[in-house]
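Colleague: The structure is given below, and queries will be raised subsequently.
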Amino acid sequence: MTIYCEKDYEAMSRRAAGIIGAQIILKKDSVLGLATGSSPIGTYEELIRRYQAGELDFSGVTSVNLDEYRGLSGDNDQSYRYFMDTHLFDHVNIDKSRTFVPDGLGEDPDRTCAMYDDIISREGPVDLQLLGMGYNGHIGFNEPAEYFEKKVHCVDLTESTIEANKRFFEKAEDVPRQAYTMGIGNIMQAKKVLVIVSGEGKADIVAEAFTGPVTPHVPASILQFHKDVTLVGDEAALSKLMATLSR
Ligand code: GLP
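In our numbering, the protein residues as written are 5 to 251.
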């Protein structure tokens with residue numbers, strides 16, 4: 005694993021955008037696995053800046069997003085489709101028809117999952133998968149569980165995730181209770197994985213995920229078995245990991 009310990013959120017975002025940008029420059033038709041949450045917002049802003057400066061061309065890029073709330077339409081401002089459009093896709097020259105997010109309004113969950121799995125198989129393999137990490141070690145919406153789910157599936161969100169994500173909604177009751185997410189198997193099939201973490205609140209789980217036992221109780225710990233992981237974090241989020249590694 006390669007680790008970049010950056011001073012703050014802005015430096016983390018620049019580093020992550022540099023890695024994603026390099027991927028696009030080296031392979032114009034890259035398939036990017038993309039993520040939502042507060043962690044990647046600065047990375048997307050930096051990618052937009054580089055696009056506007058003429059340094060990046062997204063015209064050949066395909067994207068597959070990790071997850072989507074069940075029950076939200078793409079024009080709901082809390083949906084992950086809306087997030088991706090407003091934070092990235094609307095500001096770069098990506099072909100929108102080549103950007104994929106699970107269908108939050110899919111009526112039959114099994115069918116919705118199977119369809120998204122087919123999209124990932126058809127468009128993949130993902131060249132570079134961007135990941136944030138939840139406070140309980142979730143990646144995408146793979147919550148702590150008894151086993152690793154391989155494929156796209158519909159999950160019941162944990163109270164801690166609902167609590168963490170309610171800041172984006174008017175009230176906690178508005179946070180959807182279920183979501184569609186890529187499985188751990190889908191994520192592990194990406195050729196490269198780029199994890200971004202920031203803030204002191206993530207320090208414990210980051211250290212646990214990358215130095216503790218590999219267990220579905222800490223879903224991100226499976227990344228210890230991936231052969232090409234880059235972790236970019238700010239000093240606060242990486243403090244405990246760096247301390248553990250230097251012992
Ligand atoms: C959500 C998303 C995850 C994301 C996580 C962390 O639950 N489904 O993909 O990684 O939040 O979010 P943040 O970056 O805001 O801490």
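Heads up, the beta-carbon is just placed ideally off N, CA and C, and yes, glycines get one too. The model shown is predicted, which means the values in this text are computed figures rather than measured ones.
(1) What distance in whole Å lies between the Cβ atoms of residue 10 and residue 237, which are believed to be in contact at a cut-off of 8 Å?
(2) Look up residue 146 in the DSSP assignment and give the residues it is bridged to.
(3) Near residue 251, what residues of its chain come up, given a Cβ to Cβ distance below 6 Å and the 5 sequence neighbours on each side ignored?
(4) Under the criterion of a Cβ to heavy atom distance below 6 Å, does residue 237 qualify as lining the ligand GLP?
(5) When burial is assigned at 16 or more other CB atoms within 10 Å of the CB, is residue 44 buried or exposed?
(6) For residue 177 and residue 73, I'd like the C-alpha separation in whole angstroms.
(7) Are the CB atoms of residue 16 and residue 202 within a distance shorter than 7 Å?
(8) Could you tell me whether the Cβ atoms of residue 196 and residue 160 are closer together than 7 Å?
(9) Rounded to whole angstroms, what's the CA-CA distance from residue 93 to residue 38? Just pull it up for me.
(10) Which residue spans inside the segment 57-115 form an unbroken beta strand (DSSP E) run of at least 3?
Modeller: In short, the structure shows the following:
(1) 7 Å
(2) 143
(3) none
(4) no
(5) buried
(6) 14 Å
(7) yes
(8) no
(9) 11 Å
(10) 66-69 and 71-73
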